[in-house]
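Trainee: Residues 3 to 114, numbered by my numbering, are exactly what the sequence shown covers, in order.
Beta carbons: idealized from backbone N, C-alpha and C, even for Gly.
Following this message is one structure expressed as structure tokens.
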Amino acid sequence: DIGPGGVNVIQTGSDVHSLKQGSASFHIVTYGLLARASPVRNFIREQVRFKMIVIDESHMMKNRNALRTRELMHVVKDCNRVILLSGTPALARPLELYTQVEAVSPGMFASS
């Protein structure tokens with residue numbers, strides 16, 4: 003049962019207060035907030051260890067050199083569970099799935 007305050011929607015890069023409180027069971031953060039330097043991004047990178055992360059539109063992680071992907075990979079590395087959601091098939095370039103598989107199962111593929 004999630005009561006009031008159980009879901010924290012982070013709307014701006016300065017919404018650190020609700021993260022620091024630690025009272026929410028769920029935090030919703032956009033890709034954009036993770037890709038820009040902000041107090042929220044810094045706090046998540048340095049102090050938050052999520053037990054589980056659900057990444058919607060995970061096909062957005064196809065380029066492992068993109069800042070958005072690098073930030074997500076940093077956040078998921080200490081998670082117990084990572085769930086990826088995407089309705090976009092990866093038929094044309096299966097290589098684009100590499101980063102998503104690496105997020106769910108680090109080290110499954112040797113890097114070259």
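(1) Indicate, with yes or no, if the ligand ZN has a heavy atom lying under 8 Å from the CB of Y100.
(2) Among the candidates S25, N44, I30, K64, whose CA atom is the shortest distance from the CA of L97?
(3) Among V56, A94, T71, Q102, which one has its Cα closest to the Cα of N82?
(4) Measure the CB-CB distance between K22 and F45 and report whether it falls below 9 Å.
(5) Buried or exposed: where does N67 fall if 16 or more other Cβ atoms within 10 Å of its Cβ makes it buried?
(6) Would F52 and V18 qualify as a contact pair, given that the criterion is a beta-carbon distance under 9 Å?
(7) Looking at the secondary structure, which residues open and close the beta strand (DSSP E) in which N10 lies?
(8) Bridge partners for L86 per DSSP, in chain order?
(9) Please classify F52: does DSSP put it in a helix, a strand, or coil?
(10) What does a CB cutoff of less than 6 Å around S40 pick up in its chain, not counting 5 residues either side in sequence?
(11) According to DSSP, what are the bridge partners of I30?
Mentor: A quick look at the data gives this:
(1) No copy of the ligand ZN occurs in the structure displayed, which carries no ligand at all.
(2) In the sequence shown, residue 97 corresponds to position 95, counting from 1. The option with the nearest alpha carbon to L97 is K64.
(3) For the purposes of this step, residue 82 is identified with residue 80 of the sequence shown, where counting begins at 1. Comparing Cα positions, the closest option is V56.
(4) As a first step, residue 22 is located in the sequence shown; it is residue number 20 there, counting from the start. As a first step, residue 45 is located in the sequence shown; it is residue number 43 there, counting from the start. Cβ distance < 9 Å, so K22 and F45 count as in contact.
(5) Here residue 67 corresponds to residue number 65 of the sequence shown, with the count starting at 1. Exposed, by the Cβ-count rule.
(6) Position 50 of the sequence shown holds residue 52. Position 16 of the sequence shown holds residue 18. Cβ distance not < 9 Å, so F52 and V18 don't count as in contact.
(7) Taking the first residue of the sequence shown as 1, we reach residue 10 at position 8. That run of the beta strand (DSSP E) goes 9-11.
(8) As a working mapping, residue 86 is identified with position 84 in the sequence shown. L86 is bridged to I57.
(9) For the purposes of this step, residue 52 is identified with residue 50 of the sequence shown, where counting begins at 1. Looking at F52 - three-state DSSP - the assignment turns out to be coil, as it is neither helix nor strand.
(10) If you number the sequence shown from 1, residue 40 lands on position 38. The answer, listed in chain order, is G15.
(11) By one-based count along the sequence shown, residue 30 stands at place 28. I30 pairs with V11.
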